[in-house]
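Enquirer: Position in the sequence shown (from 1) plus 63 gives the number in our numbering.
Backbone N, C-alpha and C fix where the C-beta goes; we use that ideal spot for every residue, glycine too.
My structure is below; once you've seen it, I'll send some questions.
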Amino acid sequence: MIGTSLAECILIRVFIVLFRCTPLLYGTVLLGITLLHRDAPWYRAAAAVLGGLLVAEALFYGLVYVPYTRRLSRAAVHPAPLSPGERRALFDRCMANVPAHDMYLRWWFLGADIDDIRRDNVREFLLWGFFDLGEEEARASDSREAIAGELDEYMAIIEERLGRPLERGRGTAKSLRLTLDGIDTTYRSLAWYAVVFVVDQATHLAMLWHGFQYYARSPAATLETFPPRPQELLARRRSPAPGLGYWHHPHRTDGELPVVFFHGIGIGLWTYVRFVAEMHAAKTRGVVALELLPVSFRLTAPPPNKAEFLRQMTRILDHHRGWDRFTIVSHSYGSVLTTHMLGSPDLGRRVPSVVLVDPVTIMLHLPDVAYNFTRRHPRRANEWQLWYFASTDPGVAHCLGRHFFWRENIIWKEELLSNRGQGGRDGARKAAVCLSGRDLIVDAAAVAEYLDMSDVGAADGHGGRVEALVFPHLDHAQVFDSPADCKRVVELPRAETSSPPQSVSVALTGRAALDDDPDDVGVGVGVVADLVLRPGGDDGEVAGGGLVLALRGLEAFLDDEVSRAGDGVYDRTKRKGRPSTQMMAVGSQRLTSRWPPRRLAGGVPAKMQAPHWSPEIRLHRGLGMA
């Protein structure tokens, strides 16, 4: 993900224009040289090239692009409905993990004013969210009376949480119903898919260079993919799962678990080549890295449903020796497949540890992921990049709009940590979650707070906890751009398979805080060395370094050396009708956080709400003032 500077914004918008309007640019140049340089010796060759490119673009549009986009209008095939008891349990769980119900409703209704959200609007939203139905389908259903009764119960709970009744009737607000709404896409030319083709070949060569073996999909599946993939047609090895291609490195050690890696939405594995290569740097750890082409900027067949994916994944793992137990590492959209794997009775018990990087599936009932990815109007450079090159890509948009079912994909902390083994006994699974403080898709603060405040160990006796690592200076996926940060993530699977559970709840990590540059300070938190904090009051417990930040809610404490020098000022100001506002000053820098959540300077989300951060928080060295 690129940054947010003006120069980057201009650059990304130039590229968007180039790839959206390529035929128009060809035609303009052809017209220009025809009018101005018709007698030039190079004119005929240039005109022939430009004319050929225009013909190629026209053929691509008529024969490939338009037929593909026709599938966008087809209805989603939703998973089997939940029973009333299962639905109520899911609803109660979601409502218990909503930070602010007003904001929850507002952003599921695309930022509408709360007064424009009335009872019928909310009922329509609940029909989609928990029944996978539109209003007309619900009215035509044989179970319409039972559905209406359930909706009345849910409405009563929502009004109780809001602290007031919703107005009757229907307001002007429109809810986000991902799998029922129309799918928005933007055109991208043949020139863009030529770039994808080149990157695809470069990725293939890079993975071969690092010693991976390629297992291709069936020829029939390959021929359904655009741009063409000759390396897949000519591959010597075929995947035991005809719809899933993957890269494999044999597992040759008993000291570590092999790794299954699921990448996120993007241009395929290109972004992750270094990361995947470092995971098997010793040449002994096995790796299976899947190619998820429906979310890799290709025009391809729809993704397999959950059941089919699990069948094909089982074939792949059973095809190779030494994969009875393995670690899953996933990024972003890859956390969806991780949820499916962990929820499988057969595959889940084979996963003793899991690492999620920028996961979209934790707290998925909140509107952030759906809204930020599919509905937000871009303003900054990174938002434009996300909007054009991901959100409105035809393949990605189709995958999310017709094959992304939130209740199948969401994962709760208990499900991350509980590993149902043989005989039906529950065991403890080790789990680590890496979050980016400036993530423009995921509400990292809400996810970290949820992981910290839920006490799973008390319920099942395993003492489980999720290790949460936050890189406050990074945006979504930027951890793979930084060699130092990427290395920290690479070390996690090893730590998760060898280290005994510790008593800490949340670990935050990132760039060095108070380094040689005194101006390298912004919104965020900083740690000189390892730091243990128990945020029950205004004091912290320091281990091997200066105290930079403690959390009680999001209360900021100063580095002890800065405090002793008198350069830091901690101020707590009561605001009428709102929780406290906290401020931290370090020299001339100031951090202010307040609720409702907003993006502060530097883009780090701040939250002020109860319940506050609890048990114990460990901050590792290198957490940067973002």
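1. Sorted by chain position, which residues of the same chain lie with C-beta nearer than 6 Å to H100's C-beta, five sequence neighbours on each side aside?
2. Are P736 and M342 closer than 8 Å when you measure CB to CB?
3. Between which two residues does the beta strand (DSSP E) containing V399 stretch?
4. Out of L117, L81 and V80, state which residue places its alpha-carbon closest to the alpha-carbon of L94.
5. Taking Cβ positions, are L480 and A491 nearer each other than 8 Å?
6. Between the Cα of H440 and the Cα atoms of L503, R202, R231 and H466, which residue gives the shortest distance?
7. With distance defined between alpha-carbon atoms, name the residue in T132, E213 and R233 nearest to I180.
8. For H440, which three-state DSSP category applies?
9. How big is the Cα-Cα spacing for H314 and V392?
10. Any contact between the region 237-250 and the region 290-307? By contact I mean 3 or more CB pairs, one from each, below 8 Å.
11. Using a Cβ-Cβ cutoff of less than 6 Å, which residues in the same chain neighbour A209 once the five nearest sequence positions on both sides are dropped?
12. In whole angstroms, give me the CA-to-CA distance for A570 and E198.
13. Rounded to the nearest angstrom, how far is the Cβ of P430 from that of W170, given a contact under 8 Å?
14. Under the rule that 16 or more other beta-carbon atoms within 10 Å means buried, what is V77, buried or exposed?
15. Measuring straight from C-alpha to C-alpha, what distance separates L498 and L268?
16. I'd like to know if the region 393-410 and the region 319-327 are in contact, where contact means that at least 3 CB-CB pairs between them fall below 8 Å.
17. Please return the same chain residues whose Cβ sits closer than 7 Å to the Cβ of I379, not counting the five positions on each side in sequence.
18. Buried or exposed: where does T316 fall if 16 or more other Cβ atoms within 10 Å of its Cβ makes it buried?
19. Taking the CB atoms as reference points, tell me whether I221 and L135 lie closer together than 8 Å.
20. Under the three-state reduction of DSSP, which class applies to C497: helix, strand or coil?
21. Which stretch, first to last residue, makes up the beta strand (DSSP E) that contains Q276?
22. If you count every other CB in all the chains shown that lies within 10 Å of the CB of T235, and 16 or more means buried, which is it?
23. Determine the closest residue to Y434 out of D176, A298 and F172, with distance taken between C-alpha atoms.
24. Could you give the distance in angstroms between the alpha-carbon of L145 and the alpha-carbon of R207?
25. Out of curiosity, what's the CA-to-CA distance linking L410 and V417?
26. Residue ranges of each alpha helix (DSSP H) run of no fewer than 4 residues wholly in the region 280-325, ordered along the chain?
27. Could you give the first and the last residue of the continuous beta strand (DSSP E) run that contains F534?
28. Just to confirm the assignment: which complete beta strand (DSSP E) runs, minimum length 3, are found wholly within the region 213-281?
29. For I473, which beta-bridge partners are listed by DSSP?
30. What's the C-alpha gap between G500 and F543?
31. Using only the alpha-carbon positions, how far apart do N184 and L168 sit?
32. DSSP puts A352 in a beta bridge; with which residues?
33. Is T347 helix, strand or coil by DSSP?
34. Considering only DSSP beta bridges, list what L419 is partnered with.
35. Are three or more beta carbon pairs between the region 247-263 and the region 445-461 nearer than 8 Å?
36. Assuming A203 is part of the alpha helix (DSSP H), what are its boundary residues?
Expert: Judging by the given coordinates:
1. Scanning its chain for C-beta atoms nearer than 6 Å, with the 5 sequence neighbours on each side dropped, one finds around H100 the residues Y106, in chain order.
2. Absent from the model: residue 736. The displayed extent of the chain is 64 to 689, so no value can be given.
3. Unbroken run through V399 is the alpha helix (DSSP H), G397 to G406; no beta strand (DSSP E).
4. The candidate whose alpha carbon is nearest that of L94 is L117.
5. Cβ distance < 8 Å, so L480 and A491 count as in contact.
6. It is L503 whose Cα lies nearest to the Cα of H440.
7. Proximity to I180 across T132, E213 and R233 peaks at R233, based on C-alpha coordinates.
8. The three-state secondary structure of H440, taken from DSSP, is coil.
9. Pairing H314 with V392, the inter-Cα distance amounts to about 16 Å.
10. With the cut-off at 8 Å, the region 237-250 and the region 290-307 do not touch.
11. None.
12. In this prediction, A570 scores a pLDDT of 36, lower than 50, which makes its location untrustworthy; no coordinate-derived value is stated.
13. About 4 Å separates the Cβ atoms of P430 and W170, confirming a contact at the 8 Å cut-off.
14. Label assigned to V77: exposed.
15. C-alpha separation (whole angstroms): 30 Å.
16. Taking a cut-off of 8 Å on C-beta distances, the region 393-410 touches the region 319-327, as three or more cross pairs fall below it.
17. Excluding residues within five positions, the ones whose Cβ falls inside 7 Å are S302, P303, A304, L307, Y309 and V351.
18. Exposed is the call here.
19. Here I221 is not near L135, since their CB atoms are 8 Å or more apart.
20. Strand.
21. Counting along the chain, the beta strand (DSSP E) containing Q276 begins and ends at Q276 to Y278.
22. Result: exposed.
23. Of D176, A298 and F172, the residue nearest in Cα terms is F172.
24. For L145 and R207, the distance between alpha carbons rounds to 15 Å.
25. Those two C-alpha atoms are separated by around 13 Å.
26. For the region 280-325, whole alpha helix (DSSP H) runs of length 4 or above, ordered along the chain, are 282-286 and 293-296.
27. That run of the beta strand (DSSP E) goes V529 to F534.
28. 276-278, all fully within the region 213-281.
29. Beta-bridge pairing by DSSP links I473 to no other residue.
30. C-alpha separation (whole angstroms): 15 Å.
31. Near 10 Å, if we compare the C-alpha coordinates of L168 and N184.
32. DSSP lists W310 and F324 as partners of A352.
33. DSSP places T347 in the coil class of the three-state scheme, outside both helix and strand.
34. Looking at the DSSP assignment, L419 forms a beta bridge with S393 and V496.
35. Short answer: they touch.
36. In this chain, the alpha helix (DSSP H) harbouring A203 covers E198 to A203.
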